[in-house]
Each structure stands twice: as structure tokens, then as C-alpha cells.
Amino acid sequence: MALSLDKYLRMSKLPHIWCPGCGHGIVTQAIVRAIDELGLDTDKTVVVSGIGCSARAPGYLHFDTLHTTHGRAIAFATGIKMAKPELNVIIITGDGDAAAIGGNHLIHAARRNLDLTVICFDNNIYGMTSGQYSPLTPQGSYATTSPYGMLEKPFDLCNLVMGAGGTFAARSTTYHARQLTNVIKEAISHKGFAFVDALSQCPTYFGRRNKLRTPLDMMNWFKDRSVPLRAWSKMSPEEQEGKFPVGVLTKTQAPELTEVYAQLVEKLQQRGED
Amino acid sequence: MTKKRARLLQGNEAVVEGAIAAGLTFFAGYPITPSTEIAELCAAKLPAIGGKFIQMEDEIASMAAVCGASLAGMKAMTATSGPGFSLKQENLGFAVKGELPCVVVNVQRVGPSTGMPTSASQGDVMQARWGSHGDHEMVALSPSSVQEAFTLAVESFNIAEEYRTPVILLMDEMIGHLREKVVLPEKEELVIRNREKPNMTPEQYKPFAMDHGEIAGVPPLAAYGDGFKFHVTGLTHGEDGFPTNNPAIAEKQLKRLNEKISSNKKALTRVEKFYMDDAEVVVFAYGGTARSARKAVKDARAQGIKAGMLRAITIWPFAEDALLEVKRNSPKAVIVPEMNLGQLVLPVKRVIGDSAPVIPINKIAGQLVEPEEILLAIKEAM
Ligand SMILES: Cc1ncc(C[n+]2csc(CCOP(=O)(O)OP(=O)(O)O)c2C)c(N)n1
């Protein structure tokens with residue numbers, strides 16, 4: 000069955016600006032498929048992004064869309080969601096956008112458990128500005144600002160979100176396109192803050208400098224290092240070295256902020272009527 | 000009836016009363032002296048009327064949340080002071096570019112940097128105008144009394160909504176923390192304006208149209224969730240809201256963005272003229288400092304000296320026309336008292352030129368400009 004996703008796209012805004020071989024289109028497609036499979040009301044779905052290559056995705060998507068400032072997408076989205084809790088609010092961010100300049104907003108949104116879905120197009124590099132290291136660049140990797148190899152240790156964004164009290168965190172990659180769609184579906188359905196670390200290849204600015212010249216090299220790199228969750232839990236720390244788990248890493252229930260807020264409003268208004 | 004509505008309020012409290020009267024439904028902020036009471040009062044009042052309050056993780060996030068709420072159709076506000084106002088600048092520019100109605104209160108304190116947190120200042124007059132990068136217009140209003148803190152809060156929202164632009168309510172600590180009697184008007188006495196909504200189909204809607212809208216250059220604004228499926232970006236965009244690198248389109252849009260304010264300067268600029276009809280010496284003052292100027296002018300008149308005050312209520316747009324009138328009357332001097340190193344002296348000189356000496360009186364360490372100092376300057380000028 001040929002499934003047409005055209006109605007979710009602004010066809011007149013295509014072709015996109017991404018480089019040949021970029022993984023961002025695959026992640027965007029996974030989001031659109033997830034929205035389609037969930038049957039979200041397109042009038043009630045807002046897509047918000049920060050700045051970067053990833054941040055251009057909302058421009059191609061036929062919803063209310065907001066392309067904000069670098070790192071601040073979650074904060075803009077917080078205003079939208081608080082104002083109109085009935086909207087589905089999806090945030091598209093990059094690894095630099097989410098973890099460097101926007102790191103503070105990420106952890107606070109996780110802590111608040113506001114019902115937002117954040118999808119990080121994680122290419123572990125600054126794509127838009129042509130290849131500087133990000134807080135997700137693996138140690139030892141080359142970037143224009145780590146010409147001798149990255150000295151710093153990268154973040155594990157899922158762990159960061161979980162540490163901040165996030166109630167949903169998942170990871171997948173463009174190699175696992177089907178799984179990626181499924182975890183995004185689960186993230187959107189989750190009542191509360193949901194974070195998806197979506198590994199996406201940047202052969203142009205990361206691969207070329209790191210002996211992963213082609214998109215295929217990069218996707219194989221994802222495949223070789225990723226471990227399904229069940230297997231991951233049985234591995235020793237030595238075996239886990241250099242690898243990462245994929246799948247839904249945490250999913251718990253906790254009071255969601257707009258619901259808690261609505262209860263407060265109701266309580267105060269009843270008191271006012273007494 | 001009005002008797003019942005007379006209250007003893009602090010300037011910051013009056014701002015919240017005014018904002019709520021204007022239809023405030025969303026506040027996001029981060030505490031900072033001397034603006035904090037505004038956040039505290041919003042936290043107490045908004046949930047009770049079904050509005051939204053959130054304390055964000057910083058001022059950058061507060062300004063962002065305000066932009067988001069505005070796009071969701073809310074009347075949104077944030078409040079801050081010097082350091083926080085600096086942090087808001089990038090997203091304030093976003094509100095300018097995205098044409099998002101909202102109000103930013105800045106209760107000025109002494110800077111630069113952390114400065115003197117509890118001391119009054121007017122040191123952000125130029126930051127209000129040019130704090131965000133790139134060519135842009137800005138509207139900033141400065142109250143001189145607690146009553147006016149109320150009315151200008153209402154006015155700020157009205158201008159923001161009417162012109163689809165952020166408005167800065169540029170207070171100073173003196174007015175923010177001053178307590179005096181305020182008469183809260185009845186709802187019917189207030190003029191409340193709301194943004195124009197599109198009356199076309201989503202397919203026809205252009206959120207940045209050149210020629211739609213009741214006010215020239217101000218396109219109607221849909222709300223997220225209303226089915227218009229529109230795009231907003233800080234990138235320079237065409238009428239449809241999508242980024243463009245076409246210089247002709249970019250120039251047209253940027254001109255519209257600036258001209259919707261600059262070509263309506265007359266409608267936007269507000270001044271008060273106090274004993275100005277026959278004034279031989281003019282005091283140009285604003286905000287808390289205008290209180291001392293008023294006293295000085297009264298005292299001068301009591302001594303038979305023809306002094307007057309031109310009070311800028313809008314700091315931006317600048318009171319150019321009123322100053323041109325002053326220039327035509329060839330006064331003996333224009334005295335400009337400010338709690339800064341003379342930020343408005345050059346703008347005043349630009350209009351007054353050589354027609355009269357422009358005499359600054361400046362205080363920069365939290366002391367007020369005393370009426371006696373202004374009176375002395377008036378006498379010296381005569
Ligand atoms: C305040 C600010 N600082 C810096 C920039 C420049 N800048 C634009 S995109 C970007 C990095 C984006 O990287 P990432 O978030 O990883 O997204 P990608 O482009 O790789 O998808 C930077 C530093 C900016 N636009 N704004």
C-alpha cells in the first residue's frame with residue numbers, strides 16, 4: 000500500500016536544504032509517519048524548533064510551525080503548551096541546540112514534566128555552522144574546533160533527561176528507521192515530558208573528518224555500536240564501552256504540569272464561588 | 000462607585016492591575032529586584048482568573064515563553080530589570096521580527112552589570128531602544144506615577160496588540176516601589192484593544208502580508224491551534240512567513256516592519272505639557288525624574304519664573320514633534336534631568352540644535368535628581 004504523506008508536508012517548500020546523505024530527512028519522515036499512525040489532528044499540532052540544520056524541518060511540515068532562536072525551542076514551546084494545553088507540541092532540536100546553548104531549558108522541561116515531545120536530531124556535530132564540535136561529539140573525534148581530536152567527554156542526553164526527572168526517554172537511529180518511528184509514536188502518546196535522542200548522520204561535516212565518508216559508513220557505524228535494550232542490560236561495563244542502548248529507556252507516570260495547573264485553577268475558582 | 004476602587008498601591012502592583020484589566024492571560028518571568036513584585040502578584044492572581052503563570056529557568060526562557068504564548072493567542076507579559084533585560088534581548092528581537100504582541104516590563108536599576116540592585120536608575124533608555132541587534136523600531140512607555148503605571152500597562156497592551164509588536168514598559172525603581180493612591184477605573188471606562196484576526200481562509204492567509212490589516216503594514220495575526228497552519232521564523236521572510244534570500248522581498252518586509260511603527264509615530268507618541276504655553280525655560284523629563292521636574296516648575300512659577308515641563312510618556316518613539324515646537328518658541332534653555340549619564344541629551348540636542356542650550360543634570364548612583372537642583376538650573380538659565 001503506497002502511503003501518501005504529502006498532506007503533512009508543505010510540498011511547495013521542497014526540496015529541502017539538507018546535504019545529500021544527511022540523516023535529518025529520515026528522522027523527519029519518522030516523525031511524519033508517527034503523526035500519521037497516531038492520527039493526530041493536524042490543526043491541533045504545533046512543531047517548534049531552534050536553530051540549526053535540524054531546525055529547518057518544521058518549515059517543510061504542514062502544521063502551525065515555529066522556528067525560534069538557537070537553543071530556545073523548548074522555552075517557546077513551554078509558552079505555547081501552557082497557554083493551550085489541548086495542542087500537541089512537538090519540538091525538533093539539534094544536539095548543539097538541545098545540549099549546549101539550550102541545555103538548561105531541556106533539563107527544566109524534563110523536571111516540570113510538561114507534556115512536550117522533544118526529538119533531538121543528534122548528528123553529534125554542529126552541522127549548520129559547518130562542523131564544530133558539540134557536547135555530543137565523541138571523545139577523540141575530529142571537528143573544525145577539535146582539530147587534534149575532541150578532548151571533552153560527551154553527554155548522554157537520555158541519562159541527562161532521566162537524571163532531571165524526565166518521565167520518558169528513548170534512543171534510536173536513522174539505521175533503525177522503523178524503530179525510530181515507533182519510539183517517536185510512543186513519545187508523542189506519552190502524557191508528560193518525552194525525549195527522543197534520534198541519531199542522524201552528517202557525512203558532510205562529521206563523516207568526512209572521521210573516516211566515515213559515506214552515509215552508509217555512518218549508518219553502519221550506528222548499527223555496529225547500538226545494542227537493543229534487553230541485550231544492553233546483560234552487558235558488563237567493559238562490553239558497553241563505546242556502545243549505546245536503543246529503545247525506550249524509561250517510561251514512568253507522574254503528574255503532568257498543565258493538568259496540575261488546571262486543578263489549581265479549578266480549586267481557586269471554586270473557592271472564589273464560596 | 001469610584002470611591003470603592005481607590006487603592007493604595009505600589010507601582011509594580013499597579014502594573015499588574017493594569018495588565019489584568021487589559022486582558023493579561025499569561026505571565027512568564029524570573030525574579031529580579033526591583034521588579035519581583037510583578038511576578039509574585041501575577042503568580043497569586045492569574046490562576047484565580049484562569050490565566051497562566053510560570054516561573055521560567057531564566058529571562059531568556061521567560062521571553063521565549065511569552066512569545067510562544069502570544070502565538071497561542073494570549074496577552075502575555077514578562078517583567079525584569081537590567082541584567083534580565085539584557086538576557087531578554089535576543090528573543091525580544093524575535094518578537095519584533097515575528098511581530099508578536101507582548102509586553103516587557105523593565106523596572107530599571109543602577110548598572111552596568113549587577114550594579115546597585117535596589118537603587119533607582121534610568122540607565123536602560125538606550126538599551127530599550129537598541130538592545131536587540133539589527134535595525135528595528137521599539138515602543139517604550141515610561142510612567143511617572145503609580146496611577147500612570149496602571150494606565151500605561153493598559154496602553155502597552157493596546158499598542159502591542161494594535162501594532163503586532165512588543166512594547167516595553169520602561170519603569171524605574173522609584174515608580175516601581177512608590178506607594179500612592181490609585182483609582183482603578185471600571186471596566187467600562189477602559190478602552191481595550193485586541194489584535195486583528197484574519198478573516199480569510201487558511202489558504203489565503205499571509206501572516207506577514209504587505210497590505211492586509213486595518214493599520215497599514217500591520218497584518219492580522221492568527222493563533223496557533225486555529226487551523227491556519229502558518230510558519231513563523233526569525234529568518235527574514237516573505238509575506239507567507241517562509242525564509243527568503245531575495246533582497247527585494249527582504250527589503251520590502253524589513254521596511255514594512257520598521258515603517259509600521261515609524262510612520263505611525265504621531266499616533267504612538269505621547270507627551271504631557273505642564274506650563275508649556277509661555278515657558279521660557281523647558282525641563283524635558285520622564286519617569287520618576289519628572290516628579291522632581293514638576294515640583295521645580297511649580298516652585299519656579301511661584302517665584303514668577305516662566306518655566307515649563309515637557310514630559311515624555313513614550314520614550315520611544317521619541318517626542319520629536321513636541322520638541323520641534325519647543326524649538327520654534329526659542330526657549331532660554333532646555334534642561335534634561337536624568338538618572339543616567341545623559342542618555343537622552345543627544346536625541347534632545349538633535350532636535351533643538353543651536354536654538355537653545357541643552358543642559359543635562361545627571362545622577363548615576365541611585366540618588367534622585369532633587370527639585371532644588373532643577374530649580375537652580377532653571378534660575379541659572381533665566
Ligand atoms: C545565539 C546563537 N549562537 C550561535 C548561532 C550560530 N549557530 C547556528 S546553528 C548552530 C549549531 C547547530 O548545531 P546543532 O544544534 O547540532 O544542529 P545541526 O545544524 O547539526 O542540525 C550554531 C552554533 C546562532 N544562530 N545563534
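Which chain is which? The protein sequence lines are Z and R, in order. Mapping the first sequence onto numbering that gives the first Met the number 0, position 8 (from 1) lands on 7, and the numbers just tick up by one. Mapping the second sequence onto numbering that gives the first Met the number 0, position 322 (from 1) lands on 321, and the numbers just tick up by one. Don't be surprised by glycine CBs; every beta carbon is placed ideally from N, CA and C.
query	result
If distances are taken between C-alpha atoms only, which option among R:LYS362, R:MET199 and R:PRO336 comes closest to R:ALA284?	R:PRO336
In the DSSP assignment, find the alpha helix (DSSP H) that holds Z:PHE120 and state where it starts and stops.	That residue, Z:PHE120, is in no alpha helix (DSSP H); its beta strand (DSSP E) goes 116 to 121.
Say yes only if the C-beta of Z:ILE91 is nearer than 7 Å to one or more non-hydrogen atoms of ligand 2, and no if none qualify.	The ligand content of the structure shown is limited to ligand 1, which means ligand 2 is not among them.
Assuming R:ALA382 is part of the beta strand (DSSP E), what are its boundary residues?	It is not possible to answer for residue 382 of chain R, since the shown part of chain R is limited to 0 through 381.
Nearest-angstrom Cα distance between Z:LEU256 and R:ARG192?	31 Å
Any C-beta of chain R sitting closer than 8 Å to the C-beta of Z:ASN294?	Outside the displayed range of chain Z (0 to 273) lies residue 294 of chain Z, so it cannot be described from this structure.
For Z:LEU86, would you say it is in contact with chain R, using Cβ-to-Cβ distances shorter than 8 Å as the test?	yes
Hey, is Z:MET0's beta-carbon within less than 8 Å of any beta-carbon in chain R?	Legend: pLDDT at Z:MET0 = 43, less than 50; position of this residue unreliable, value from coordinates given subsequently. Chain R contact via Cβ: absent.
Closer than 7 Å to a non-hydrogen atom of ligand 1 - does that hold for the CB of Z:CYS52?	yes
Within 10 angstroms of the Cβ of R:PRO370, are there 16 or more other Cβ atoms? Answer buried if so, exposed if not.	buried
Closest to R:MET308 by CA distance: which of R:GLU213, R:LEU322, R:LEU151 and R:TRP315 is it?	R:LEU322
With DSSP collapsed to three states, give me the class of Z:ASN112.	coil
Using a Cβ cut-off of 8 Å (strictly closer), state whether Z:LEU39 contacts chain R.	no
Scan the segment 218 to 237 of chain R for residues whose Cβ lies nearer than 9 Å to a Cβ of chain Z and list them as they occur along the chain.	ALA221, ALA222, TYR223, GLY224, ASP225, GLY226, PHE227, LYS228, PHE229, HIS230, VAL231, THR232, GLY233 and LEU234
Say the cut is 7 Å; is the CB of Z:ILE124 nearer than that to a heavy atom of ligand 1?	yes
Does Z:ILE79 come within less than 8 Å of chain R when only Cβ atoms are used?	yes
By a C-beta neighbour count over all protein chains shown, 10 Å radius and 16 as the cutoff for buried, is R:ALA5 buried or exposed?	exposed
Using 8 Å as the threshold, is the C-beta distance between Z:PHE194 and Z:ASN123 below it?	no
Along the chain, where does the beta strand (DSSP E) that runs through R:ALA5 open and close?	5 to 9
Considering just the uninterrupted stretch of the beta strand (DSSP E) at R:MET308, what are its terminal residues?	306 to 311
Quick one: grab the DSSP three-state call for Z:LYS279.	There is no way to answer for residue 279 of chain Z, as the model of chain Z reaches only from 0 to 273.
Taking only beta-carbon positions, decide if R:PRO46 is within less than 8 Å of chain Z.	yes
Any beta carbon from chain Z within less than 8 Å of R:ASN90's own beta carbon?	yes
So, is R:ASN245 buried or exposed, given that buried needs 16 or more other C-beta atoms within 10 angstroms?	exposed
Chain Z beta carbons: is any one of them nearer than 8 Å to that of R:ILE53?	yes
Once you ignore the five residues that flank R:GLY233 on each side, which residues in its own chain have a CB closer than 6 Å to its CB?	PHE93 and LYS96
Per DSSP, what are the beta-bridge partners of R:GLY28 in this structure?	R:GLN54
Sorted by chain position, which residues of the same chain lie with C-beta nearer than 7 Å to R:ILE31's C-beta, five sequence neighbours on each side aside?	THR79, SER80, PRO82 and GLY83
Which two residues bound the contiguous alpha helix (DSSP H) that contains Z:VAL245?	Per DSSP, Z:VAL245 belongs to no alpha helix (DSSP H); it is in the beta strand (DSSP E), 243 to 250.
Note down, in chain order, all residues in the segment 0 to 28 of chain R with a beta-carbon under 8 Å from any beta-carbon belonging to chain Z.	THR24, PHE25 and ALA27
Using 8 Å as the threshold, is the C-beta distance between Z:SER48 and Z:THR116 below it?	no
With Z:PHE221 and Z:THR172 assumed to form a contact (beta carbons below 8 Å), what rounded beta-carbon distance in angstroms separates them?	4 Å
For R:ILE260, which residues in the same chain have their Cβ closer than 6 Å to its Cβ, ignoring the five residues on either side in sequence?	GLU136
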